[in-house]
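Engineer: The sequence shown begins at 17 in my numbering and counts up one residue at a time. In this text, a Cβ means the ideal position worked out from N, Cα and C, and glycines have one as well. Computed from a predicted structure; not experimentally measured. Once you've had a glance at the structure underneath, I'll fire off some questions.
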Amino acid sequence: MSPFRSSKSVITRLVLILSFIFIVQYSSADPYYCMTGSLCMLTNVTGPLAICSNESIDLYARSTGFIWPLPPACSNATYQWYREINNGGWADYVMISGETDNIYSVGTAGRYYCEVSCSGGGGYSTSMATIIVTTFGTDLIVSTNPQPQSNCLGLQAEFSVGASGGAISYLWQEQSTGGSWKNLLSERSDNLTFIPEPADDMNLYRCIVSNGCESVTTTEAELSVLTAPEVMTEPASDTVCEDAAAGFSVSVSGAQLVYDWQERISGTDPWVDISSSGNYDFDQSGNLTVKTAVANMNGYQYRVIVTGECAPGVDTSLVVQLNIRAQPTFLVQPESDSLCVGDSAYIEVQALGTGQLTYKWQNETKTIKDWSTDAFLIVEEASLDDNQDVQVLISDNCISQANSVASDIAKLLVKTAPIVSLGEDRRVCSVSVLLDAGNGFYTYSWSNGDSTQITEVSLQGLYSVSVTDNFGCIAEDSIHVTVDPSIQDVNLGTDTSLCGGSFLTLDAGAGFDWYEWSDGSSTQTLKVSVSNTYWVIVGNNNTACESTDSVKVLISEPYDSMSICLITIDQATGKFMLIWERTPDMGISEYNIYREGDWIGSVAYDDLSIYKDQEADPGKRPYRYEMTITDTCGNESGFTPYHIPIFLQYSGYIDGVNLRWEKYQVQGKSIDFNSYSVYKGSDSTQLVALEENIPPEVSVFIDKDPSALTNTFYYRVAGVLSDPCNASGGSSKAGTGPYQHSLSNMDNNKKLSPSGTSKPTGYSSLSIFPNPAMDWVTIRFSKSIGQNYSLILTDISGKAVRRIGAISGDEYTLRVAELSPGYYHILLKGDEVFHGNLIVK
């Protein structure tokens, strides 16, 4: 390298050492020697100085010569630098203003010298020497950097650089991977050419370009040494689980490689190119991915054909195979089982899978056995909670537990064990005893050999039974039977009757250890005064033998629930007839009949339960009847509820024979008949039904038969009961019974005139207007002066809805606005009788 070539930061210093007064000159003979009696200046360089443009150089003045004899000492040297202006004449130097130091920095070409003076010496003259400074060069510019190169092995590689700016020199450098930069001294031009070796692959190259004043390093360029495609690492066969991804990879050397993967179903099928789509995905780095390896791809074969830039340009991999592990499958499914509570169940499966199989047993509500290698399930002492569907999940190296395969469902049918109970151990009294295991079992097996539900045993001992239900569940029980000898019988005597107010002492007899009476007493005797059936159980300690007896005791108290069933008319005599139903076992001696509170007769209990009142006239008026009973002790009961039978009356003539009856009453309330029937006849002993099924709320009837106005007819009303009355007792019975009709008294129409054309006695008609009416109606009639009348207004059922008395005039206005619409009858009575019909709208 030239000692003047540097970067802009490098400064070459020129040192001028002067002693006293220096004349700057250049001596080529001996730079370090000056003649005696002269002054000289030396520098650290020889020849003219040269610097690069835009650079500078320091010039130094120093004393290196000797003056003999030595001048006086100079303690105050001064310096002044000069520059030549006419390029050659010694006299054409000009002083450089301000440069008075022994060092001067020069950056411009020219001749320079320094004058040194010593103010402390004698008057010496000075001599001068010159330094010539020149500048050269321009800025260095690299216009083209070396570019990366790719070369097939055996072909020449070339890198080049383009630069300008002065006299340029070139130094190429090389760096291997991981190494340092090395100079290629043999290559000094702007081009670097060589035949690369395989080891040069991935090396970097650059060039240092210089022009004497500066240097520039180019960018790096990489060399790729390309080789022919060659499979370096063969693909390997892959074994994966069903539906998992599979992959094949190959490592290939070479340049500009292109991978063409192929497949075939078997070794005899043709190869088919694979496209990177659908179920396949491959890249240009030698990787092939099978996205989903389905079961039918098992045994598929694959290879890759690689082509490249360098000859021979193609290589083919070995053939590999895809092997697919199938999902785990059940060879033997779990089987359903039936068992009884407390029994054990064993369920087992057999499965085929990849690697280690694990099993999880579960039912409908919980995990029975968590993941393990157990292919079986043992249910010990099953309960009703185990009565569920059971299923097992399996997983292997291919199927995770989260995606496990489920077996078929096995039903675990747990049945409640039957319950058999023979009860507590028993002591019996010298008789056989029946042991009952209960019904509903499928089989019975007794310890005495019987196979029925009930077995009879008469010997003392331990007996057991085993039963099964229709599911085969078994239950067992046992009982110990102790047989004791019999004891003496107890006797309470025959049934007994007592009158009210007396008592009876029942005696079970001595000789027993304990007594138990029907009222809870535990003494030998029991004093009773109430009608009842009494029993006693007696026994002795330490034995099961007992004796029991009972006796019926009847304490005669007057029966207070007696009632009359029905009052009717005896058709043979036309008299009132009372019917009642006897109550047995109540100590009744006779029945007493009362009319209007007076006793009129009695009937013995054993006689027919009918009484005929021969004295009262049914046609005269209704009567009130009551009864009492007299018991066998002579006590009489209170009165039964009173009965008043039906009472029929002829009420006049309006469009026919008008009949009206008072309803049957029991203790002041009308009896609930189903209906009424009206009977008619010209002979009082031969009446026939004229009208039946008259509603029970109706109590009037009009016979509109024209002959009833001219002939005499007899009438009777009957109330029809739902439940008939049954008289009993005695050797014979009056009438036909049972009694379902309550007959009224008999009435006739003899009040009509013989011709039938005249009105009934005292009958007069009324003038009624308006008729029909809505609010008010006016009634007019002819009457005797000074007589008062009363008015009765009845509805169609015969019920009186208005009663008005003391009508003194011959006209009366009646308000009907509040009456319900319908037909009404007006009866006006005084010394005469007036009738009329009214319609209310």
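Out of Q337, G182, S176 and T389, point me to the one whose CA is closest to D412's CA.
Structural biologist: D412 has its Cα closest to that of T389, out of Q337, G182, S176 and T389.
Engineer: Alpha carbon to alpha carbon, what distance is there between D402 and K382?
Structural biologist: Roughly 10 Å separates the two Cα atoms.
Engineer: If you count every other CB in all the chains shown that lies within 10 Å of the CB of A734, and 16 or more means buried, which is it?
Structural biologist: Answer is buried; the Cβ neighbour count reaches 16.
Engineer: Using only CA atoms, which one of T345, V266 and G456 lies nearest to V322?
Structural biologist: If we check each option's Cα against that of V322, V266 comes out closest.
Engineer: Just verifying my parser: in three-state terms, what is the DSSP assignment at M593?
Structural biologist: In this structure, M593 counts as strand in the three-state DSSP scheme.
Engineer: Starting from the Cα of I645, find the closest Cα among F175, I660, M578 and S744 and give me that residue.
Structural biologist: When each option's Cα is compared against that of I645, the closest is M578.
Engineer: Which stretch, first to last residue, makes up the beta strand (DSSP E) that contains I211?
Structural biologist: That residue, I211, is in no beta strand (DSSP E); it is neither H nor E in DSSP.
Engineer: Assign T584 to buried or exposed, taking buried as 16 or more other Cβ atoms, counted over all protein chains shown, within 10 Å of its Cβ.
Structural biologist: Under this definition T584 is a buried residue.
Engineer: Under 7 Å Cβ to Cβ from A183, same chain only, skipping five residues before and after it: list those, please.
Structural biologist: Excluding positions up to five away in sequence, the list reads N227 and G228.
Engineer: Please name the residue, chosen from R831, S653 and T235, that lies closest to K857 on a Cα-to-Cα basis.
Structural biologist: Comparing Cα positions, the closest option is R831.
Engineer: Going by DSSP, what residue range makes up the beta strand (DSSP E) through D511?
Structural biologist: From DSSP, D511 is part of no beta strand (DSSP E); its letter is neither H nor E.
Engineer: Quick one: grab the DSSP three-state call for A327.
Structural biologist: Looking at A327 - three-state DSSP - the assignment turns out to be coil, as it is neither helix nor strand.
Engineer: By DSSP's criteria, I425 is part of a beta bridge. Which residues make up the other side?
Structural biologist: For I425, which the question treats as bridged, DSSP gives no partner whatsoever.
Engineer: Alpha carbon to alpha carbon, how far is T701 from T794?
Structural biologist: Roughly 46 Å between the two C-alpha positions.
Engineer: Is DSSP giving Q191 helix, strand or coil here?
Structural biologist: Three-state result, Q191: strand.
Engineer: Taking one C-beta from the stretch 392 to 410 and one from the stretch 349 to 362 each time, how about it: are there three or more such pairs within less than 8 Å?
Structural biologist: Taking 8 Å as the limit for Cβ pairs, the verdict is that the stretch 349 to 362 does touch the stretch 392 to 410.
Engineer: Are the beta-carbon atoms belonging to Q317 and R280 less than 7 Å from one another?
Structural biologist: Contact flag set, yes.
Engineer: Please report the Cβ distance between Y221 and A244, rounded to the nearest whole angstrom; I am assuming they are in contact, meaning their Cβ atoms lie under 8 Å.
Structural biologist: With a Cβ gap of about 24 Å, Y221 and A244 do not count as contacting.
Engineer: Among D811, L200 and T498, which has the Cα closest to the Cα of V714?
Structural biologist: Among D811, L200 and T498, the Cα nearest to that of V714 belongs to D811.
Engineer: Report all residues from its chain with a CB closer than 6 Å to the CB of D331; omit the five preceding and five following residues, and keep chain order.
Structural biologist: Excluding residues within five positions, the ones whose Cβ falls inside 6 Å are P245, E246, V247 and V322.
Engineer: Going by DSSP, which residues form a beta bridge with D847?
Structural biologist: DSSP, once it has assigned bridges, lists no residue as partnering D847.
Engineer: Could you please give me the residues that DSSP links to R819 through a beta bridge?
Structural biologist: Paired residues: I808.
Engineer: Where does S653 land, buried or exposed, given buried means 16+ other C-beta within 10 angstroms?
Structural biologist: By the 10 Å Cβ count, S653 comes out buried.
Engineer: Counting along the chain, where does the beta strand (DSSP E) carrying F346 start and finish?
Structural biologist: Note, F346: beta strand (DSSP E), T345 to V348.
Engineer: What's the C-alpha gap between V694 and I580?
Structural biologist: Each residue's alpha carbon lies about 24 Å from the other.
Engineer: Measuring from the CB of S572, is there a heavy atom of the ligand GTP at a distance below 6 Å?
Structural biologist: Inclusion of the ligand GTP in the displayed structure is not the case, the ligand content being empty and no account of it being possible.
Engineer: Within the same chain, show all residues whose beta-carbon is closer than 6 Å to that of A89, passing over the 5 residues directly before and after it, in chain order.
Structural biologist: Legend: pLDDT at A89 = 47, less than 50; position of this residue unreliable, value from coordinates given subsequently. None.
Engineer: Let me make sure I understand the geometry here. Which of Y828, E190, F346 and G194 has the alpha-carbon closest to that of L201?
Structural biologist: Comparing Cα-Cα distances from L201 to each of Y828, E190, F346 and G194, the minimum goes to E190.
Engineer: Report the rounded CA-to-CA distance for V447 versus D523, giving the unit in angstroms.
Structural biologist: Using only the alpha carbons, I get a separation of about 27 Å.
Engineer: Tell me which same chain residues have a C-beta within less than 6 Å of the C-beta of G852, skipping the five on either side of it?
Structural biologist: Counting only Cβ-Cβ distances below 6 Å, and skipping sequence neighbours, we find L782, I784 and I842.
Engineer: DSSP on I402, reduced to helix/strand/coil?
Structural biologist: Before going on, a small fix: residue 402 reads as Asp here, not Ile. Helix, per DSSP.
Engineer: Are Q476 and V449 touching if we call contact CB-CB under 7 Å?
Structural biologist: It is not a contact, given that the beta carbons lie outside the stated cut-off.
Engineer: Starting from the C-beta of L368, find all residues in its chain whose C-beta is less than 7 Å away, skip the five residues before and the five after it, and write them out in chain order.
Structural biologist: Contacts found: P344, T345 and L347.
Engineer: So, A816 versus I808, is the Cβ gap smaller than 7 Å?
Structural biologist: Yes; because the gap between Cβ atoms is below 7 Å, this pair is in contact.
Engineer: Using three-state DSSP, classify Q417 as helix, strand or coil.
Structural biologist: Three-state DSSP puts Q417 in a helix.
Engineer: Using C-beta distances below 6 Å, list every residue in its chain close to S463, excluding the 5 sequence neighbours before and after it, in chain order.
Structural biologist: For S463, where only same-chain residues beyond five positions count, the Cβ hits under 6 Å are Y479 and S480.
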